[in-house]
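> Start counting the sequence shown at 55; every next residue gets the next number (the working numbering). Quick reminder that beta carbons are idealized off the backbone N, C-alpha and C, glycines included.
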Amino acid sequence: MSLQKQRLDITDRVVGKFAEGQLNLYLEKEKIGQMVSENNYDLKEGYEFQDSRFFQYADVVTEPNQKYVDCDDENGWC
Numbered sequence: 055m056s057l058q059k060q061r062l063d064i065t066d067r068v069v070g071k072f073a074e075g076q077l078n079l080y081l082e083k084e085k086i087g088q089m090v091s092e093n094n095y096d097l098k099e100g101y102e103f104q105d106s107r108f109f110q111y112a113d114v115v116t117e118p119n120q121k122y123v124d125c126d127d128e129n130g131w132c
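1) Can you list, in chain order, the residues of its chain with a C-beta nearer than 8 Å to that of A112? Leave out the 5 residues immediately preceding and following it.
2) Return the bridge partner residues of G70 from the DSSP annotation.
3) Give the DSSP bridge partners of Q90, in chain order.
4) Can you list, in chain order, the residues of its chain with a C-beta nearer than 6 Å to that of M89? Leave out the 5 residues immediately preceding and following it.
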């Protein structure tokens, strides 16, 4: 099992809320940024806006079914 950075499309999960004259962006309850102007967003590190879509860079588990590592195939043990 290992972790790998992946770019996830989170567009359908991003919500905008007006507060103090600005549009703040949230992913669930976490504030991820704000709208600066039309199609221009100031986002926290790990988030990106491109081609009218919002993306998050997240660590994703790869090879989740791998149960044994560092096996010694010659001697037959794991």
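Put simply:
1) K59, Q60, L62, G100
2) L79
3) A small fix is needed here, since residue 90 is Val in this sequence, not Gln. Note: V90 sits in no beta bridge, so no partner.
4) L77, Y95
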